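Position 82 of the sequence shown, counting from 1, maps to 665 under this note's numbering, and the rest follow consecutively. Every residue, glycine too, gets a C-beta built ideally from N, C-alpha and C. Being a predicted model, the structure only gives us computed values, none of them experimental.
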Amino acid sequence: MSTAAVSHKRPSTLRGASLPTWSPWAIAAGSVALGIGISFAAGLHSSVQWGLIAAVLFVLGTYGIAARVEGRRQAKDRIVTSLVWVAFVVAVVPLVSLIWVTVARGVKVLNLYFLTHSMGVVADTEPGGGIYHAIIGSLEQVGLATLIGAPIGVLTAIYLVEYGRGRLAKAVTFFVDVMTGIPSIVAGLFILSLMLIFKMQPFGFAGSLALAILMMPVVVRSTEEMLKLVPNELREASLALGVPKWRTIMKVVLPTSIGGITTGIMLAVARIAGETAPVLLLVFGNPFINNNPFEGAQASLPLYIYQQFANSAGSGAAYDRAWAASLALIAFVMILNLVARGIARWKAPKTGR
Numbered sequence: 584m585s586t587a588a589v590s591h592k593r594p595s596t597l598r599g600a601s602l603p604t605w606s607p608w609a610i611a612a613g614s615v616a617l618g619i620g621i622s623f624a625a626g627l628h629s630s631v632q633w634g635l636i637a638a639v640l641f642v643l644g645t646y647g648i649a650a651r652v653e654g655r656r657q658a659k660d661r662i663v664t665s666l667v668w669v670a671f672v673v674a675v676v677p678l679v680s681l682i683w684v685t686v687a688r689g690v691k692v693l694n695l696y697f698l699t700h701s702m703g704v705v706a707d708t709e710p711g712g713g714i715y716h717a718i719i720g721s722l723e724q725v726g727l728a729t730l731i732g733a734p735i736g737v738l739t740a741i742y743l744v745e746y747g748r749g750r751l752a753k754a755v756t757f758f759v760d761v762m763t764g765i766p767s768i769v770a771g772l773f774i775l776s777l778m779l780i781f782k783m784q785p786f787g788f789a790g791s792l793a794l795a796i797l798m799m800p801v802v803v804r805s806t807e808e809m810l811k812l813v814p815n816e817l818r819e820a821s822l823a824l825g826v827p828k829w830r831t832i833m834k835v836v837l838p839t840s841i842g843g844i845t846t847g848i849m850l851a852v853a854r855i856a857g858e859t860a861p862v863l864l865l866v867f868g869n870p871f872i873n874n875n876p877f878e879g880a881q882a883s884l885p886l887y888i889y890q891q892f893a894n895s896a897g898s899g900a901a902y903d904r905a906w907a908a909s910l911a912l913i914a915f916v917m918i919l920n921l922v923a924r925g926i927a928r929w930k931a932p933k934t935g936r
């Protein structure tokens, strides 16, 4: 018998037994069913407890079945994959639950009248009113904060990546790290102390200053990482042609990273759009429409939501308005992110010929 015939009959030992592709779904379904059964038997009534028990059973079941069929080495890979999926579900379920509850409760009063009218003389416990004054306040305060914080953050990141050397760069990096974790109430108290020194009354721009303080470190960090991703070969090629460094940054570095920079700025905007503490201290709230952020108290969506919950006195109308305003705020942030993605795609460098 020839060698080719022997090799043809010999079974391959390079590939062992393997679980079918549908096995993770079957293990997950069995884990959920077994978890619910154990929960009922133990008298547990919380869906969170059911989910945690099912997650533990899914991980253990995946390892046990994979170890028996595929071996312990492949089972370790399976258990890491299952842990990643469990972490993904644990992160997504609260988000989906939050959006579901907000939409279900917010659509009760969210209509054109609600978006185009202010509270005015409507008491918090009475039905009616709207969030037009809060929308105007949020747009102006967040817009002014972005006009202040975004350029300063981007320029600081450019300095740290392109020019920063020595003690000054280390000091700037240190203070940016400190500001990244600063509580929002501290930024509000800082601006409030200045207002007390100069004997100023609450006004919208004061809230914008506090929000800009919270926004700047986020913009610096995100922009810094995006600038570091630009290949040095692009900088070197531009400099080799005799282009000044500042023009290289403007014409090569920034256009290459503009997509990531825009996304980082929008993430910072989304962060400050929901801040309540600085606005509560500095803007003070106003049930009437105030289009001038530099004079008089103003409203904002986060502050409006807080006030409706705090001053509702058990009123269903106030709770409905708070949920509707929360849904409007979520939609506002979502629209900002969609706009950022559109701008990033529009301004991204073209790779095709």
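Residue nearest to residue i in terms of C-alpha spacing, selected from the options
i, options, result
"T708", "A905, I832, V826 and G925", "A905"
"V612", "I796, S601 and G634", "First, the residue type needs correcting, since residue 612 is Ala and not Val in the sequence shown. Nearest option by C-alpha distance: G634."
"G726", "A820, I848, S665 and Q891", "I848"
"G879", "A795, K811, P785 and M917", "P785"
"G689", "V667, I619 and A908", "A908"
"V639", "F697, R656 and V663", "V663"
"P607", "A658, G620 and S629", "A658"
"G925", "Q881, Q890, T859 and G842", "G842"
"V744", "W829, G626 and A893", "W829"
"V937", "V676, L910, L695 and L602", "It is not possible to answer for residue 937, since the shown part of the chain is limited to 584 through 936."
"A770", "A927, V676, P800 and L921", "P800"
Cβ neighbours of residue i in the same chain (closer than 8 angstroms, five flanking residues each side left out)
i, result
"G703", "G712, P870 and F871"
"S595", "Annotation note: pLDDT 49 at S595 (below 50); position unreliable, no value reported."
Residue i, enclosing alpha helix (DSSP H) - first and last residue
i, result
"V663", "R655 to G689"
"D760", "G749 to T763"
"N815", "N815 to A823"
"G720", "Y715 to I741"
"V826", "That residue, V826, is in no alpha helix (DSSP H); it is neither H nor E in DSSP."
"T620", "It should be pointed out that residue 620 corresponds to Gly in this sequence rather than to Thr. Run containing G620: S606 to A625, per the alpha helix (DSSP H) assignment."
"V631", "S630 to V652"
Nearest-angstrom Cα separation, counted from residue j out to residue i
i, j, result
"I741", "W929", "22 angstroms"
"I701", "L919", "For the sequence presented, residue 701 should be read as Ser rather than Ile. Spanning the two alpha carbons is a distance of roughly 23 angstroms."
"L837", "S821", "13 angstroms"
"V803", "V673", "30 angstroms"
"R651", "I636", "22 angstroms"
"S721", "A616", "47 angstroms"
"E858", "K691", "25 angstroms"
"A914", "G618", "36 angstroms"
"V755", "R748", "11 angstroms"
"V667", "L886", "37 angstroms"
"V684", "L863", "26 angstroms"
"I621", "V916", "41 angstroms"
Residue i in three-state terms, based on DSSP
i, result
"F867", "strand"
"Q784", "coil"
"M917", "helix"
Close Cβ partners of residue i (< 6 angstroms) along its chain, the five nearest in sequence each way excluded
i, result
"A900", "P710"
"I774", "A789, L792, A793 and L865"
Cutoff 7 angstroms; reference residue i; Cβ partners in own chain excluding five residues on either side
i, result
"T806", "G736, V737, A740, I844 and G847"
"I855", "V725, A728, L794, L797 and M798"
"R661", "T645, Y646 and A649"
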